[in-house]
Ligand SMILES: Nc1ncnc2c1ncn2[C@@H]1O[C@H](COP(=O)(O)OP(=O)(O)OP(=O)(O)O)[C@@H](O)[C@H]1O
Ligand SMILES: Nc1ncnc2c1ncn2[C@@H]1O[C@H](COP(=O)(O)OP(=O)(O)OP(=O)(O)O)[C@@H](O)[C@H]1O
Ligand code: SF4
Ligand SMILES: [Mg+2]
Ligand SMILES: [Mg+2]
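Chains as they are written, first to last, in our numbering: chain F, 12 to 296; chain V, -12 to 321; chain Y, 4 to 343.
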């Protein structure tokens, strides 16, 4: 098994992934300390000289500017980071957990089990995201849990397929036959012998999944299917859209968009570092 | 009673031509008959050597005996019980007694395991001993194969030389204390002095623990040193079997004769005679009936091409060759 | 044999950094490979043979560090050549390798023939059809049927994969072919045939060969000159007749004793007792000292430097002058197993 040191080495082998790594660490810190960092509440109307601080561009008092209702965008952004990190982290991790297990089991056993699991995955492939989340929210209401559930159900399938393919190729290697000869049970072979060998790929897809969940959550919130009670980057853009001030308030548009792009790209850079490990042919070039 | 008994065992592989040629040329399915009608016994406390041409089915035979690949036809018995159709837990329990050392040390060690964990994996998976006991046994066996545990325990396979990997493979089979060891070219990357040490180890274990061993090697001089009996295979058929000294000193089958005649000698002045057998190394794809050596055999006649004489396994000490023309072969012909 | 060296190596050192300290896998190795000759390297498992050639070909794993005074190939300085150029102009085209892991060096998801065709086309302009013809030719050299080109590696036996890698190494008529244990999976008949064909090719295209093998008989048959390696050093280097007829180094003497011969079935082999050296930390003695029955005090405190015995015969041993008598002593088992 790889130690922490090895992951550090993989990430630091490459400049982009190093930068990405520290950006992610930055966002995580903000998420953890969000309530202490944010000077105001997300929906706290601010006044300057007795008047609503409406649509102020970035300044010393309001580093990222304000909305038309006088909400501080900086505070919103900081608090939304927490939502995003939770949604990204939780749905990314759950989806990779499901995807990896289904991929490992389908790939290792093959035959009927593989057939059934893969048909099931194919059905999910046919399922479009938007109608799915609309139905879900119509049934259960706009809650964070359901948003996460919807995202997980949509994104685990790709990781399952990729991990299945990798498992099939590892299953044929002779060290797996050797493990069988030594009397290892199927579960032991899957989780002790195959898993460490798909781990780089798994980490690659874990970071992909997190990035996808963040984008998906942003789109869902932007379309008004997010959780109304919690602020999120997508939700901020949704409010901008509702206010009709898109053309005026560039800062309102820029701030959440830059955050989304920054975090997602960082995740992609870090996953690229793992891709080189998962796919040694890239490394030789 | 024989420990292992193989009755008419076959292993055939289907060749699937590419999709295009299947559709366009309608190639019929062809079969590689890697092992055909093999009858064999392994007695208790004996070392059976297997030699034969590259690609003749030695590894395939090993895999079948070790319970890692089922025969496509025929039966394998172990202590009188049929084992080729075992499944699940029963198969797992059976495997403990029959350990295989794999041919390719670069492919058979898990690249993500450290040396200690590779060797300890079998005992752990089978829960043979408590963890402390496993630790000492692993250390002992690593020491016995010449890898000082302190130096090698924490290494990954890619940090080992070829011969060191091979010894890790040997250790991980022997640590299970099996009744039968199936060794597929276990020492091919080791130099003679370490080889001698490991052969001593195997011989010692054989005497002490009464285990039997199938030992595949292309190196007849090693076989000469360890085996009691020798089986010679050619393209999936058993062509000669008998007590080792008899087979090596007085080979009967023309293939065995050629094989023994081609053994190199450690002397720079010596030039191996160019073997008299003609033709190319063949493959067992849809082979015709009869002796598969016939196309290359200087003695072959019509009867050879028609039928194959099997070997009779009832008396393990009987030296015999599956050849129609034994009377015609004279000694100065090798 | 021409007298010009194709490959010249001076004072090559390789160490692997590990958590237990640096492992000095190769120390102070110098040798030449002349045009048109077969240079053999023999030695105990783990003594640094593969490391040596991986260092020459820049294939060391990331924790391996190589230092040397000279590595020159046909007049090119290989130490300073940029990686790109080395990969493009030297590797495969001029120097090819049959790695020790040959059985596992083919990509499992591509057909064997296609992989060799790709390798040819990466270095030489030619159509796919010509490349395939070339592969068929090479397959014949190593005794594989041409129709095997369309098989996947897992459908090959161990020896067949090894032969496919030998075919790949011959593909571009390189000037130097390095073979690391090329015959471990081959029976003697196939081995004889391949070695005979390789010798023929070698004569036709005048390439040189470095042959690493533990099989002394193969070394004796193939090589013009032989180096015996122990603990990362070349202990003895000589023309093969000299090495077999007047071996000088105690390790070479032991090696000869432990070699079984088919002509003496069941005869007892004399092994060299003890473990190979640790190679961790700097070397201050003769690496063979702990196992050498002929050691003297000096051996434990000083590393012997190469001594020239006759032309092209070099050994590293303090008792090189007494070789004659040591050779007699080495024949008895008691020498090896009692004095230690
Ligand atoms: N999975 C497979 N599919 C198709 N053919 C196979 C497969 N496995 C083995 N074969 C074929 O079966 C034959 C016997 O292979 P096997 O590995 O048993 O040979 P071997 O005697 O061990 O040879 P070597 O000494 O070279 O290792 C070969 O011709 C090989 O091509
Ligand atoms: N990446 C590595 N990290 C640490 N040690 C290594 C590494 N690679 C090899 N070694 C060690 O260096 C020594 C030399 O290895 P090398 O592969 O050169 O041996 P070799 O002479 O080719 O042996 P063999 O005949 O067994 O293949 C061995 O003791 C090995 O354990
Ligand atoms: S230098 Fe000394 S220890 Fe080394 S081989 Fe010679 S006699 Fe033996
Ligand atoms: Mg084999
Ligand atoms: Mg090596």
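Using N, Cα and C, we set each Cβ at its ideal position, and we do this for glycine too.
Please indicate yes or no: does the CB of residue i lie closer than 8 Å to some heavy atom of ligand 2?
| i | result |
| --- | --- |
| residue 241 of chain F | no |
| residue 293 of chain V | no |
| residue 165 of chain Y | no |
| residue 96 of chain V | no |
| residue 363 of chain Y | This structure cannot speak to residue 363 of chain Y, because chain Y is shown only from 4 to 343. |
| residue 81 of chain V | no |
| residue 19 of chain Y | yes |
Using a Cβ-based criterion (distance less than 8 Å to any ligand heavy atom), does residue i qualify as near ligand 5?
| i | result |
| --- | --- |
| residue 180 of chain V | no |
| residue 176 of chain V | yes |
| residue 299 of chain F | Outside the modelled stretch of chain F, which goes from 12 to 296, sits residue 299 of chain F, for which no answer is possible. |
| residue 52 of chain Y | yes |
| residue 162 of chain F | no |
| residue 183 of chain Y | yes |
| residue 108 of chain Y | no |
From the DSSP output, read off the bridge partner residues of residue i.
| i | result |
| --- | --- |
| residue 317 of chain Y | Y:240, Y:311 |
| residue 153 of chain F | In the DSSP output, where bridge partners are listed per residue, residue 153 of chain F has none listed. |
| residue 199 of chain V | V:167 |
| residue 233 of chain Y | Y:236 |
| residue 97 of chain V | Per DSSP, none; premise fails for residue 97 of chain V. |
| residue 11 of chain Y | Y:35, Y:75 |
| residue 64 of chain V | V:-8, V:69 |
| residue 20 of chain Y | Y:25 |
| residue -1 of chain V | V:20 |
| residue 36 of chain V | V:202, V:217 |
| residue 87 of chain V | V:169 |
For ligand 1, is there a heavy atom less than 8 Å away from the beta-carbon of residue i?
| i | result |
| --- | --- |
| residue 387 of chain Y | Only positions 4 to 343 of chain Y appear in this structure, which leaves residue 387 of chain Y out of reach. |
| residue 369 of chain V | Outside the shown range of chain V (-12 to 321) lies residue 369 of chain V, about which nothing can therefore be said. |
| residue 43 of chain V | yes |
| residue 220 of chain V | yes |
| residue 17 of chain V | no |
| residue 171 of chain V | yes |
| residue 116 of chain Y | no |
| residue 322 of chain V | For residue 322 of chain V there is no data in the structure shown, the boundaries of chain V being -12 and 321. |
Please tell me whether, using a cut-off of 8 Å, the distance from the CB of residue i to the nearest non-hydrogen atom of ligand 6 is below it.
| i | result |
| --- | --- |
| residue 215 of chain Y | Ligand 6 is not among the ligands present in this structure, which contains only ligand 1, ligand 2, ligand 3, ligand 4 and ligand 5. |
Legend entry - Residues within the segment 80 to 113 of chain Y neighbouring chain V, beta-carbon criterion of under 7 Å: 103, 104, 106, 107
Legend entry - Residues, ordered as in the chain, of the segment 290 to 310 of chain V that lie near chain Y by beta-carbon distance below 8 Å: none
Inset, instruction - Output, in sequence order along the chain, the residues in the segment 210 to 241 of chain Y whose CB is closer than 7 Å to any CB in chain V. - result: 217, 219, 220, 221, 223, 224
Inset, instruction - Return the residues of the segment 250 to 271 of chain F that lie within a Cβ-Cβ distance of less than 7 Å from chain V, sorted by chain order. - result: none
Inset, instruction - Pair every Cβ in the segment 274 to 286 of chain V with every Cβ in the segment 205 to 222 of chain V, then say whether three or more of these pairs are closer than 8 Å. - result: yes
Inset, instruction - Check distances from the C-beta atoms of the segment 223 to 238 of chain V to those of chain F and list, in chain order, the residues that come in under 8 Å. - result: none
Inset, instruction - Determine which residues of the segment 132 to 152 of chain V have a Cβ less than 8 Å from any Cβ of chain F, and write them out in chain order. - result: none
Legend entry - ligand 4 site residues, beta-carbon cut 5 Å against heavy atoms: V:46, V:90, Y:160, Y:161
Inset, instruction - Report the residues of the segment 76 to 94 of chain V with a CB closer than 7 Å to any CB of chain Y, ordered along the chain. - result: 90, 91, 93, 94
Inset, instruction - Answer yes if the segment 77 to 93 of chain Y comes into contact with the segment 220 to 229 of chain Y, meaning at least three C-beta pairs across the two stretches below 8 Å, and no otherwise. - result: no
Inset, instruction - Specify whether the segment 158 to 177 of chain F and the segment 134 to 154 of chain V touch according to this definition: at least 3 beta carbon pairs, one from each stretch, less than 8 Å apart. - result: no
Legend entry - Near-chain Y residues of the segment 266 to 277 of chain V (beta-carbon distance less than 9 Å), N- to C-terminal order: 267, 268, 269, 270, 272
Inset, instruction - Give a yes or no on contact between the segment 136 to 147 of chain Y and the segment 95 to 112 of chain Y, applying the rule of three or more CB pairs nearer than 8 Å. - result: no
Legend entry - Stretch-stretch touch, CB-based, cutoff 8 Å, three pairs: the segment 134 to 154 of chain F with the segment 230 to 246 of chain F: yes
Legend entry - Proximal residues, the segment 40 to 54 of chain V versus chain Y, C-beta separation under 9 Å: 40, 41, 42, 43, 44, 45, 46, 47
Inset, instruction - Residues of the segment 202 to 228 of chain F with a CB closer than 7 Å to any CB of chain V: list them in chain order, please. - result: 204, 207, 208
Legend entry - Touch test, the segment 155 to 165 of chain F against the segment 95 to 113 of chain F, Cβ-Cβ under 8 Å, three pairs minimum: yes
Legend entry - Members of the segment 106 to 120 of chain V near chain F, C-beta cut-off 8 Å: 108, 109, 112, 113
Legend entry - Selection of the segment 156 to 177 of chain Y by Cβ proximity to chain V, strictly under 9 Å: 158, 159, 160, 161, 162, 163, 164, 165, 166
Inset, instruction - With 9 Å as the C-beta to C-beta threshold (strictly closer), list the residues of the segment 177 to 196 of chain F near chain V in chain order. - result: 184, 185, 186, 187, 188, 189, 190, 191, 192, 193, 194, 195, 196
Legend entry - Interface residues of the segment 170 to 186 of chain V facing chain Y [CB-CB below 7 Å]: 172, 175, 176, 177, 178, 179, 180, 181, 183, 184
Inset, instruction - Count the CB pairs spanning the segment 282 to 289 of chain V and the segment 148 to 161 of chain Y that are closer than 8 Å, and state whether there are at least three. - result: no
Legend entry - Contact list for the segment 137 to 148 of chain Y against chain V, Cβ threshold 7 Å: 146, 148
Legend entry - Residues of the segment 174 to 201 of chain Y with Cβ closer than 7 Å to any Cβ of chain V, in chain order: 184, 187, 188, 189, 190, 191, 192, 193, 195
Legend entry - Three-pair Cβ contact test at 8 Å for the segment 78 to 98 of chain V versus the segment 171 to 190 of chain V: yes
Inset, instruction - Evaluate contact between the segment 16 to 35 of chain F and the segment 62 to 71 of chain F, counting only Cβ atoms and requiring at least three cross-stretch pairs below 8 Å. - result: no
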